[in-house]
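Trainee: The structure that follows is given in the form of C-alpha cells.
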Amino acid sequence: MAINKNHEFEELNGVKCGIVEKNVTPERLQFLKSILEFNKYTVIAIPTPAPKVAAKPAAAAESATETVPPPTPPAPETFTVGVTDYTFNTTNALYGRILKTPDGHFVTVAYWYQKENQSHDEVPYYEFK
-4 MAINKNHEFE ELNGVKCGIV EKNVTPERLQ FLKSILEFNK YTVIAIPTPA
46 PKVAAKPAAA AESATETVPP PTPPAPETFT VGVTDYTFNT TNALYGRILK
96 TPDGHFVTVA YWYQKENQSH DEVPYYEFK
C-alpha cells in the first residue's frame, strides 16, 4: 500500500508494479504504453475489476415479490496501467522532466493528459502564461 495517493504500487499479473493510471480507456492505454515503452519502461496493463455490488439483506429479499430488477449494463472496459519499476511516480516523472517523446521533447503535463498534440517544452510549466 502506498504512503500517499501520489505513489501507488500493487501487484499486476504477479509482478509488483508502480501504478501509472487506473480506469483508462483502450485508446489512452495505447498512448501511455507508447510513451512509457519509448522511455524504456516495461508496461503491464490488466482489465480493471468490476465494481463490487452489495448484496441485498436477507430479510428484504424474502419480503420482496418475484420482481426481477433490470440487468445492469456492462461496465465499459477499462484498464489499470503499471510499470515494473515500482518506484515510478507519474508526478515526479512529469515535473522532473524524466519522460521524453519520440521526437526528443520532454513530456509536459498537457501532452500527458492529451490536451495538446505536441509537447512544447521550451518554456517551463511555471513560466508558461
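According to my numbering, the residues represented by the sequence shown are -4 to 124, in order.
Cβ atoms here follow ideal geometry from the backbone N, Cα and C, with glycine treated the same way.
(1) Report all residues from its chain with a CB closer than 7 Å to the CB of T43; omit the five preceding and five following residues, and keep chain order.
(2) How would you call M(-4), buried or exposed, if buried means at least 16 neighbouring beta carbons within 10 angstroms?
(3) Over the uninterrupted beta strand (DSSP E) stretch that includes K143, give me the two end residues.
(4) Check for me: the alpha helix (DSSP H) holding L89 runs from which residue to which?
(5) If you draw a straight line from the C-alpha of I30 to the C-alpha of V102, how long is it?
(6) Which two residues bound the contiguous beta strand (DSSP E) that contains A45?
(7) With a CB to CB cut of under 6 Å and the five nearest residues on each side skipped, what residues in its chain are close to F83?
(8) L27 and V38 - do their beta-carbons sit closer together than 9 Å?
(9) Can you tell me where the beta strand (DSSP E) with V76 in it begins and where it stops?
(10) Kindly indicate which three-state DSSP category E3 falls into: helix, strand or coil?
(11) Can you give the beta carbon distance from V15 to G77, rounded, assuming they're within the 8 Å contact cut?
(12) Between R23, P66, E5, T62, which lies nearest to P107 when the distance is taken from Cα to Cα?
Mentor: Inspection of the coordinates gives the following:
(1) Looking up residue 43 in the sequence shown gives position 48. Hits under 7 Å: K17, N18, T73, F74, T75.
(2) If you number the sequence shown from 1, residue -4 lands on position 1. Interpretation of M(-4) is limited by its pLDDT of 48, a score under 50 that renders its predicted location unreliable; the figure taken from the coordinates is listed afterwards. M(-4) comes out exposed.
(3) Outside the modelled stretch of the chain, which goes from -4 to 124, sits residue 143, for which no answer is possible.
(4) Within the sequence shown, residue 89 is the residue found at index 94, counting from 1. Counting along the chain, the alpha helix (DSSP H) containing L89 begins and ends at 85 to 90.
(5) Counting from 1 along the sequence shown, the entry for residue 30 is found at position 35. Counting from 1 along the sequence shown, the entry for residue 102 is found at position 107. Their Cα atoms are separated by approximately 9 Å.
(6) For the purposes of this step, residue 45 is taken as the residue at position 50 of the sequence shown. No beta strand (DSSP E) contains A45, which DSSP labels as neither H nor E.
(7) For this step, residue 83 is matched to residue 88 along the sequence shown. Once the five neighbours on either side are set aside, the close Cβ partners of F83 are G13.
(8) Position 43 of the sequence shown, counted from the start, is the residue given in the question as residue 38. Position 32 of the sequence shown, counted from the start, is the residue given in the question as residue 27. Yes.
(9) Numbered from 1 along the sequence shown, position 81 holds the residue referred to as residue 76. Its beta strand (DSSP E) spans residues 74 to 78.
(10) Here residue 3 corresponds to residue number 8 of the sequence shown, with the count starting at 1. Coil, per DSSP.
(11) Counting from 1 along the sequence shown, the entry for residue 15 is found at position 20. Counting from 1 along the sequence shown, the entry for residue 77 is found at position 82. With a Cβ gap of about 6 Å, V15 and G77 count as contacting.
(12) For the purposes of this step, residue 107 is identified with residue 112 of the sequence shown, where counting begins at 1. What sits at residue 107 in the sequence shown is Trp, not Pro. Answer by Cα proximity: R23.
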